[in-house]
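Under mature numbering (1 follows the signal peptide of the UniProt record, and there is no 0), residues -23 to -1, 1 to 413 are what the sequence shown spells out, in order. Idealized CB from N, CA, C, for every residue including glycine. Notes for the one structure printed next.
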Amino acid sequence: MLKTISSGFWLLTALLASIAALAREPASYGERIALRGAEWAEGRMDPALTVLSGIDDRDNVGEGGSQAQDSVTQWQAQVETLEAAGGPYASGLEEPLADLARQRVAEGRFGEALALYRRSLHILRVNTGLASPAQMTIVRAMLELQRALGDREGLDDLYGYYYRLGWLAADDEEGDERWRVALEYLRWQRELLRTADSGDPDRELLELFRLNTELLERASAEAAPLGTRQDLVQSQLKNLYLVQARVLPQVRESLSVLSPRRSRRQELLPEDVDRDRLLSLQRSAVATGAELLTSLAEQAESPVARAALYRELGDWEQWNGSWRRAEEAWRRAVSLLQDAGENDRLAEWFGEPVELPDNGAFWQPPNDADVSLVRAGFDVSERGQVRRATASVLAGRDSASILAVRELRDVRFRPRFDAGQAVAVEGLERDYEVYH
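Dropping the structure here:
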């Protein structure tokens, strides 16, 4: 009898510990720690939109030799000739100015290059109109230069112009380009929020969600390609991750007595209107994200595309504390991959535990001076919870090991799947970057 009671007690203790773990706020993985060498496209400008090469390699610049100097002399002569014939806004003047700007970039003289591009852009607007698509290449180059110079305020203003221009200049044949511009603008707005460069984060996060919603509705009304709609859904999901992290995410399947967040809900409601609206959005955020992914999965024709969306759905539910819904979505993804014979992809997605979210929603490329490196050892349960975490510092601050363990305990994982079932993994060893 005592043995039965003791066994039941330990089972209850384990169950309560599991529920309590889910009741804690999940770590915003990527914000304070990330796997060594981790990279997400979310943290950087879309490389398909870049027009300058080698702009980040300031140690590998030079005058370019006599041939480059001859070209500079030629472009300067063209500028003088055009100005003499047509004045400071002569048509065609933008081309040699842009050529000169590119040479200044090659020399590492970014400030001069930006000034030349600004003048080239102004001349182009005067001669071809405010909505001329010819501006796009120049504006993209200016975006790269503003970033390299660290002018975040100027960069934000330029991104706003870039977004407006992308919609004004695009026609029906440039639909893909228009959507790419919009997606890059949305990504930039999240970058501002991640780097604390936002002046009014609550209002700007609300505006970001609203704009993404409008773009989703427009893409649906225009019957945009499924890939475009999927990119917009992924963008909105990242917005929702930020909403959840900013406003203390709710755990939908936890016992209320174990979730302090529920009892504090009324105390968290502020007087600020934007914060109140954000709290209202947060209350439906989990369902909104799940609906977006489920709806898109039903439209996907490829089993791999459907599996990817169900994997994302599982990740979203897991991060928000709903193991049952997460497992259901993941098992659908696994089944789709198995039926399609996609064994390599199955191993890639479900062969080992994965830190969540695995989309870079909270990650921004850090300053190397503020990064430590630790080696962590831990187990991951079949429910994606970390157990027995330890860490040692490989490089950087001594406090990094404590921070890494604290963060890891709250990181939620997509567990390993074997034969269609989630399984525990013991003895994991991984190197993490720690951001101070």
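- Mind checking who R391 pairs with in its DSSP beta bridge? V331
- Query: Which residues in the same chain as L214 place their Cβ atom closer than 6 Å to its Cβ, once the five residues preceding and following it in sequence are excluded?
  - Reply: G266
- Query: Looking at C-beta atoms only, is the number of pairs between the region 247 to 261 and the region 298 to 314 that lie closer than 8 Å three or more?
  - Reply: no
- Message: Per the DSSP calculation, Q398 is bridged to which residue(s)?
- Response: D395
- Could you give the distance in angstroms between the alpha-carbon of E154 and the alpha-carbon of F394? 39 Å
- Message: Just list the residues that DSSP pairs Y409 with in beta bridges.
- Response: L12, V351
- Cβ-Cβ distance between D133 and L169 below 8 Å: yes
- Message: Taking only three categories from DSSP, how would you classify S231?
- Response: Unreliable placement is indicated for S231, whose pLDDT of 42 sits below 50; the coordinate value is still reported in the next sentence. Coil, per DSSP.
- Which whole-angstrom value describes the C-beta separation of L209 and R167, a residue pair presumed to lie in contact below a C-beta threshold of 8 Å? Incorrect: roughly 13 Å between the Cβ atoms, too far for contact.
- Item | Within 8 Å, strictly: CB atoms of P202 and A146 | no
- Message: Can you list, in chain order, the residues of its chain with a C-beta nearer than 7 Å to that of V331? Leave out the 5 residues immediately preceding and following it.
- Response: F390, R391
- Say whether the region 120 to 135 touches the region 74 to 89, bearing in mind that this needs 3 or more beta-carbon pairs closer than 8 Å, one atom from each stretch. yes
- At 3 residues or longer, and completely inside the region 84 to 142: list those beta strand (DSSP E) runs for me, N to C. none
- Message: Using 8 Å as the threshold, is the C-beta distance between L91 and V116 below it?
- Response: no
- Message: I'd like to check one pair, F339 with S48: are the Cβ atoms closer than 8 Å?
- Response: no
- Task: Throw me the rounded Cβ distance for the V357 and V411 pair, which I believe falls under 8 Å.
- Result: In fact, because the Cβ distance is near 19 Å, the residues do not count as touching under 8 Å.
- Task: For G88, collect the residues of the same chain with a Cβ closer than 8 Å to its Cβ; drop the 5 residues on either side in sequence, then sort them by chain order.
- Result: L126
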